[in-house]
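Undergrad:
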Amino acid sequence: MEQHSESLKVMVIDDSKTIRRTAETLLKKVGCDVITAIDGFDALAKIADSRPGIIFVDIMMPRLDGYQTCALIKNNSAFKSTPVIMLSSKDGLFDKAKGRIVGSDQYLTKPFSREELLGAIKNHVPGFVPQEQPTI
1 MEQHSESLKV MVIDDSKTIR RTAETLLKKV GCDVITAIDG FDALAKIADS
51 RPGIIFVDIM MPRLDGYQTC ALIKNNSAFK STPVIMLSSK DGLFDKAKGR
101 IVGSDQYLTK PFSREELLGA IKNHVPGFVP QEQPTI
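Written out as C-alpha coordinates, the structure is:
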(Lines of atoms letter the chains of each structure in order from A and count residues from 1; the text may use other names and numbers.)
(Lines give C-alpha, C1' and ligand atoms only; values in the text may rest on other atoms or scores of the structure.)
Protein backbone atom coordinates (compact mmCIF):
# COMPACT_ATOMS: atom_id res chain seq x y z
CA MET A 1 0.00 0.00 0.00
CA GLU A 2 1.37 3.44 -0.87
CA GLN A 3 1.95 5.86 1.98
CA HIS A 4 -0.21 8.72 0.72
CA SER A 5 -3.25 6.47 0.29
CA GLU A 6 -3.47 6.28 4.09
CA SER A 7 -3.66 9.17 6.54
CA LEU A 8 -0.49 11.16 7.07
CA LYS A 9 0.62 10.90 10.70
CA VAL A 10 1.54 14.31 12.08
CA MET A 11 3.02 14.87 15.54
CA VAL A 12 2.48 18.21 17.28
CA ILE A 13 4.67 18.84 20.34
CA ASP A 14 3.77 21.92 22.37
CA ASP A 15 3.20 22.61 26.05
CA SER A 16 0.32 24.92 25.09
CA LYS A 17 -2.99 23.04 25.01
CA THR A 18 -4.39 25.80 22.75
CA ILE A 19 -1.68 25.31 20.10
CA ARG A 20 -2.03 21.51 20.24
CA ARG A 21 -5.81 21.70 19.86
CA THR A 22 -5.67 24.31 17.08
CA ALA A 23 -3.14 22.31 15.05
CA GLU A 24 -4.99 19.05 15.71
CA THR A 25 -8.32 20.53 14.54
CA LEU A 26 -6.80 22.03 11.38
CA LEU A 27 -4.93 18.84 10.50
CA LYS A 28 -7.80 16.44 11.17
CA LYS A 29 -10.01 18.53 8.87
CA VAL A 30 -7.67 17.68 5.98
CA GLY A 31 -7.48 13.97 6.80
CA CYS A 32 -4.32 13.77 8.90
CA ASP A 33 -3.88 11.41 11.81
CA VAL A 34 -2.63 13.66 14.64
CA ILE A 35 -0.51 12.62 17.62
CA THR A 36 0.06 15.27 20.28
CA ALA A 37 2.69 15.53 22.99
CA ILE A 38 3.05 18.05 25.82
CA ASP A 39 6.87 18.13 25.83
CA GLY A 40 9.96 16.49 24.39
CA PHE A 41 9.95 13.52 26.77
CA ASP A 42 6.29 12.80 26.02
CA ALA A 43 7.06 13.06 22.29
CA LEU A 44 10.09 10.76 22.38
CA ALA A 45 8.00 8.12 24.15
CA LYS A 46 5.35 8.32 21.40
CA ILE A 47 7.50 8.70 18.26
CA ALA A 48 8.72 5.10 18.09
CA ASP A 49 5.17 3.73 18.30
CA SER A 50 3.44 6.26 16.06
CA ARG A 51 6.19 6.81 13.44
CA PRO A 52 4.92 10.23 12.28
CA GLY A 53 5.57 11.43 8.73
CA ILE A 54 6.28 14.98 9.94
CA ILE A 55 6.81 16.59 13.35
CA PHE A 56 5.99 20.11 14.55
CA VAL A 57 7.82 21.06 17.76
CA ASP A 58 7.61 24.17 19.93
CA ILE A 59 10.96 25.66 20.93
CA MET A 60 10.06 26.88 24.43
CA MET A 61 8.94 23.90 26.53
CA PRO A 62 9.70 22.73 30.07
CA ARG A 63 12.03 19.77 30.77
CA LEU A 64 13.24 19.15 27.21
CA ASP A 65 13.04 22.12 24.85
CA GLY A 66 12.39 22.04 21.11
CA TYR A 67 16.06 22.30 20.14
CA GLN A 68 16.99 19.32 22.34
CA THR A 69 13.97 17.35 21.12
CA CYS A 70 14.82 18.04 17.46
CA ALA A 71 18.47 17.08 18.00
CA LEU A 72 17.47 13.77 19.62
CA ILE A 73 15.04 12.97 16.78
CA LYS A 74 17.58 13.85 14.07
CA ASN A 75 20.36 11.85 15.79
CA ASN A 76 18.23 8.70 15.72
CA SER A 77 18.91 6.78 12.49
CA ALA A 78 15.27 5.64 12.26
CA PHE A 79 13.94 9.21 12.30
CA LYS A 80 16.72 11.44 10.92
CA SER A 81 14.89 11.81 7.60
CA THR A 82 11.57 12.72 9.30
CA PRO A 83 10.92 16.43 8.70
CA VAL A 84 10.93 18.51 11.90
CA ILE A 85 9.32 21.96 11.81
CA MET A 86 10.16 24.32 14.68
CA LEU A 87 7.36 26.45 16.16
CA SER A 88 8.07 29.67 18.04
CA SER A 89 6.40 32.88 19.06
CA LYS A 90 9.76 34.60 18.44
CA ASP A 91 10.75 35.38 14.88
CA GLY A 92 14.43 35.97 15.55
CA LEU A 93 17.35 35.16 13.29
CA PHE A 94 19.19 33.53 16.20
CA ASP A 95 16.29 31.14 16.87
CA LYS A 96 16.07 30.17 13.20
CA ALA A 97 19.83 29.61 12.99
CA LYS A 98 19.86 27.50 16.15
CA GLY A 99 16.97 25.46 14.73
CA ARG A 100 18.97 24.76 11.57
CA ILE A 101 22.01 23.73 13.61
CA VAL A 102 20.02 21.03 15.44
CA GLY A 103 18.60 19.77 12.13
CA SER A 104 15.16 21.36 11.80
CA ASP A 105 13.74 21.52 8.29
CA GLN A 106 11.64 24.68 8.63
CA TYR A 107 10.61 27.35 11.14
CA LEU A 108 7.05 28.63 11.66
CA THR A 109 6.16 31.62 13.80
CA LYS A 110 3.15 31.29 16.11
CA PRO A 111 0.35 32.00 15.71
CA PHE A 112 0.49 30.14 12.40
CA SER A 113 -2.27 30.07 9.80
CA ARG A 114 -3.91 27.01 8.27
CA GLU A 115 -2.07 27.81 5.02
CA GLU A 116 1.32 27.99 6.76
CA LEU A 117 0.74 24.68 8.53
CA LEU A 118 -0.40 22.88 5.37
CA GLY A 119 2.30 24.61 3.30
CA ALA A 120 4.99 23.21 5.60
CA ILE A 121 3.57 19.71 5.17
CA LYS A 122 3.36 20.08 1.37
CA ASN A 123 6.99 21.30 1.29
CA HIS A 124 8.32 18.31 3.21
CA VAL A 125 5.97 15.40 2.53
CA PRO A 126 5.99 14.43 -1.16
CA GLY A 127 2.57 13.49 -2.47
CA PHE A 128 0.63 15.05 0.43
CA VAL A 129 -2.78 16.22 -0.76
CA PRO A 130 -5.15 17.66 1.85
CA GLN A 131 -8.40 15.68 1.92
CA GLU A 132 -11.17 17.97 3.12
CA GLN A 133 -13.26 15.96 5.58
CA PRO A 134 -17.02 16.43 5.65
CA THR A 135 -18.17 18.19 8.81
CA ILE A 136 -20.56 16.15 10.91
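Per the UniProt record's numbering, residue 1 is the first one in the sequence shown, and the count goes up by one each step. All residues carry an ideal CB built from backbone N, CA and C; glycine is no exception. Given the structure is predicted, the values throughout are model-derived calculations rather than measurements.
By DSSP, does MET1 sit in helix, in strand, or in coil?
TA: Reliability fails at MET1, whose pLDDT of 33 lies under 50, so the model's placement of it is uncertain and the value that follows must be treated cautiously. Here MET1 sits in coil by DSSP.
Undergrad: Residues in the same chain with beta-carbon distance under 8 Å from VAL52, minus the five sequence neighbours each way, listed in chain order, please.
TA: In the sequence as presented, Val is not what sits at residue 52; that position holds Pro. Correct list, in chain order: LYS9, VAL10, MET11, ILE35 and THR82.
Undergrad: For LYS9, which residues does DSSP report across the bridge?
TA: Bridge partners of LYS9: ASP33.
Undergrad: Are GLY31 and ILE13 touching if we call contact CB-CB under 8 Å?
TA: In this structure, ILE13 does not lie closer than 8 Å to GLY31 by Cβ.
Undergrad: When you compare only the Cα positions, how much space is there between ALA48 and GLU132?
TA: Between ALA48 and GLU132, the C-alpha separation is close to 28 Å.
Undergrad: So the beta strand (DSSP E) LEU87 belongs to, where does it begin and stop?
TA: 84–88 is the extent of the beta strand (DSSP E) around LEU87.
Undergrad: Using a Cβ-Cβ cut-off of 7 Å (strictly less than) and excluding sequence neighbours within five positions of ASP15, which residues of its own chain qualify?
TA: So the list reads ILE38, ASP39, ASP58, MET61 and PRO62, once near-sequence residues are dropped.
Undergrad: If you follow the alpha helix (DSSP H) that ASP95 is in, where does it begin and where does it stop?
TA: Segment 93–101, the alpha helix (DSSP H) holding ASP95.
Undergrad: On the three-state DSSP scale, how would you describe ASP49?
TA: Helix at ASP49.
Undergrad: With 8 Å as the threshold, decide whether the Cβ of THR18 is near any Cβ in chain D.
TA: Annotation note: the requested chain D is absent from the structure, which comprises a single protein chain.
Undergrad: Where does ILE59 sit, in a helix, a strand or coil, going by DSSP?
TA: It is coil, neither helix nor strand.
Undergrad: From SER7 to LYS28, what distance separates their C-alpha atoms?
TA: Taking the straight line from one Cα to the other gives about 10 Å.
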